[in-house]
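Student: Each step along the sequence shown adds one to the number in this note's numbering, with nothing skipped, and position 256 is 237.
Here it is, the structure, as structure tokens.
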Amino acid sequence: MTDPKQLIKSEAMRLGFSHCGVACNDSLEELRPFYSGFLSRNGHAGMEYLETSFEKRMHPELLVEGTRSVIALLVNYYPHETIPEDDNFIFSKYAYGNDYHKVIKQRLKELINFMKQSFGPMEARGFVDSGNILEKAWAQKCGVGWQGKNTLIINRSAGSFFFIGIILTSLDLDPDEPETDHCGSCMKCVNACPTEALSTPYQLNIPRCISYLTIESKEEIPPDLKSKLNGRIYGCDVCQDVCPYNRFAQPHNIPEFLPSEILKNLRKDDWVALTEPDFDRIFEKSGVKRLGYQRLKRNLR
Ligand code: SF4
Ligand code: SF4
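And the structure:
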């Protein structure tokens, strides 16, 4: 009989996932000192949910009772072409298309249905940036990549332009080998970061990161960092663009991640003149709509 893990991996590839790995649910206790330190020095920039969910993050069985295995899935979002930068502001590649949460959630649901049909009743739940999961730690344990000095998951043969989906399941699966660190002596991302947010490699200084400042933060952008945004109005890809492993990045095959013609054609003057109804229309299916029109205006300023 074919190994259940291999059947799940084949189905995952068919559904458009790029990489799939499995780990046992032995808890992440060994990471407790690292994450406790991160919280005690306010590395989470006051994002309270990271504190309140700490125990659940350490122990997935507190989220899904009976969890035996963790499945990590990577979804490629590397675009076929970048939005033109001439006479334009810079927009992060991950936000070109539809809201990735919905796109990936749907595919996780289909994979879980496949698992239930193939192997019988089980507990299984899918997560994308939700539900208190340490996605990157699990991705490394599942062997699909390592957490690089830019703190992102890097796959040795395909780079880092990936979203991470996680399934917690009561199904017993053979674990894969965890991935090890392959950054070596490279410091490209650390040196290229415009705001020195990676000055301690492997630890993101969140309040200095342009992604945080332009997407998560509800405050004005600090005066000393404004000039470093250099035209970035939504997110930042610098520490990925310079990573040598992204030489191996291949364009994605997810139609929902393609940018709309309107987004591709916007230029600086159009962004500045954008009205709230324009914003609502252009970003109707996009995660950018959570930013809201007023904060986009803040970023443009
Ligand atoms: S996303 Fe940009 S600002 Fe944030 S760490 Fe990477 S290079 Fe620095
Ligand atoms: S740029 Fe170099 S140091 Fe940074 S994540 Fe990539 S390989 Fe690691």
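From the three backbone atoms N, C-alpha and C, an ideal C-beta is built for every residue, glycine too.
Judging by CA-CA distance, which residue of Lys209, His61, Asp110, Gln221 is the nearest neighbour of Ala53?
Tutor: Translated into the one-based positions of the sequence shown, residue 53 becomes position 72. Among Lys209, His61, Asp110, Gln221, the Cα nearest to that of Ala53 is on Asp110.
Student: By Cβ distance, which residues of its chain are closer than 7 Å to Val269, with the 5 residues on each side in sequence left out?
Tutor: Looking up residue 269 in the sequence shown gives position 288. Closer than 7 Å at Cβ, skipping near neighbours: Ala76, Tyr215.
Student: Closest by CA to Met103, which one among Ser166, Thr63, Gly47?
Tutor: On the sequence shown, position 122 is the one that residue 103 refers to. Measuring from the Cα of Met103, the nearest candidate turns out to be Gly47.
Student: Within a Cβ cutoff of 6 Å, which residues of the same chain sit near Ile235, ignoring the five residues on either side of it in sequence?
Tutor: Here residue 235 refers to the residue found at position 254 of the sequence shown. Answer for Ile235: Gly(-3), listed in chain order.
Student: Using 8 Å as the limit for Cβ to Cβ distance, is Asn6 near chain B?
Tutor: In the structure shown, chain B does not exist; there is a single protein chain.
Student: Any heavy atom of ligand 1 closer than 7 Å to the Cβ of Ala178?
Tutor: Locating residue 178 in the sequence shown gives position 197, where the first residue counts as 1. Yes, ligand 1 has a heavy atom inside 7 Å of this Cβ.
Student: May I ask which residues mark the beginning and end of the alpha helix (DSSP H) holding His82?
Tutor: Within the sequence shown, numbered from 1, the residue matching residue 82 stands at position 101. First-last of the alpha helix (DSSP H) with His82: 81 to 100.
Student: Please state whether DSSP places Asn113 in a helix, a strand or coil.
Tutor: Taking the sequence shown and counting its residues from 1, one reaches residue 113 at position 132. DSSP places Asn113 in coil when its eight states are reduced to three.
Student: I'd like the span of the beta strand (DSSP E) that includes Cys283, first residue to last.
Tutor: Because residue 283 is not part of the residues shown, which for the chain are -18 to 282, the question remains open.
Student: Which residues bound the beta strand (DSSP E) around Tyr215?
Tutor: Residue numbering aside, residue 215 sits at position 234 when the sequence shown is read from its first letter. Where Tyr215 is concerned, the enclosing beta strand (DSSP E) stretches over 213 to 215.
Student: Assess contact between the stretch 55 to 66 and the stretch 190 to 208, defined as three or more Cβ pairs (one per stretch) separated by less than 8 Å. Is contact present?
Tutor: Taking 8 Å as the limit for Cβ pairs, the verdict is that the stretch 190 to 208 does not touch the stretch 55 to 66.
Student: What residue from Arg271, Pro182, Met39 has the CA that sits closest to Ser17's CA?
Tutor: In the sequence shown, residue 17 corresponds to position 36, counting from 1. Ranking the options by Cα distance to Ser17, first place goes to Met39.
Student: Could you compute how far the alpha carbon of Leu194 sits from the alpha carbon of Met96?
Tutor: Here residue 194 refers to the residue found at position 213 of the sequence shown. Here residue 96 refers to the residue found at position 115 of the sequence shown. Near 40 Å, if we compare the C-alpha coordinates of Met96 and Leu194.
Student: Using only alpha-carbon positions, find the residue among Val51, Thr132, Ser21, Asp(-16) that is nearest to Cys190.
Tutor: Along the sequence shown, one-based indexing puts residue 190 at 209. Among Val51, Thr132, Ser21, Asp(-16), the Cα nearest to that of Cys190 belongs to Thr132.
Student: For my contact list, Gly124 and Glu177 are in at a C-beta cut-off of 8 Å; report their separation, rounded to the angstrom.
Tutor: Walking along the sequence shown from the start, residue 124 turns up at place 143. Walking along the sequence shown from the start, residue 177 turns up at place 196. Not really, about 32 Å apart at Cβ, beyond 8 Å.
Student: Quick one, which of Ile145, Tyr81, Leu154, Leu115 has its alpha-carbon nearest Thr(-17)'s?
Tutor: As a position in the sequence shown, residue -17 is number 2, starting the count at 1. When only C-alpha atoms are compared, the closest one is Leu154.
Student: Any heavy atom of ligand 2 closer than 7 Å to the CB of Pro225?
Tutor: Against the sequence shown, residue 225 aligns to sequence position 244. Yes, the Cβ of Pro225 comes within 7 Å of a heavy atom of ligand 2.
Student: With distance defined between alpha-carbon atoms, name the residue in Ile196, Arg137, Lys130 nearest to Pro182.
Tutor: Stepping through the sequence shown from its first residue, residue 182 is reached at position 201. Comparing Cα-Cα distances from Pro182 to each of Ile196, Arg137, Lys130, the minimum goes to Lys130.
Student: Looking at the structure shown, is Thr150 part of a helix, part of a strand, or coil, going by DSSP?
Tutor: As a first step, residue 150 is located in the sequence shown; it is residue number 169 there, counting from the start. Of the three classes helix, strand and coil, the one that applies to Thr150 here is strand, per DSSP.
Student: Taking DSSP as the reference, what is the three-state secondary structure of Gln231?
Tutor: Here residue 231 is taken as the residue at index 250 of the sequence shown, counted from 1. Three-state DSSP puts Gln231 in coil, outside helix and strand.
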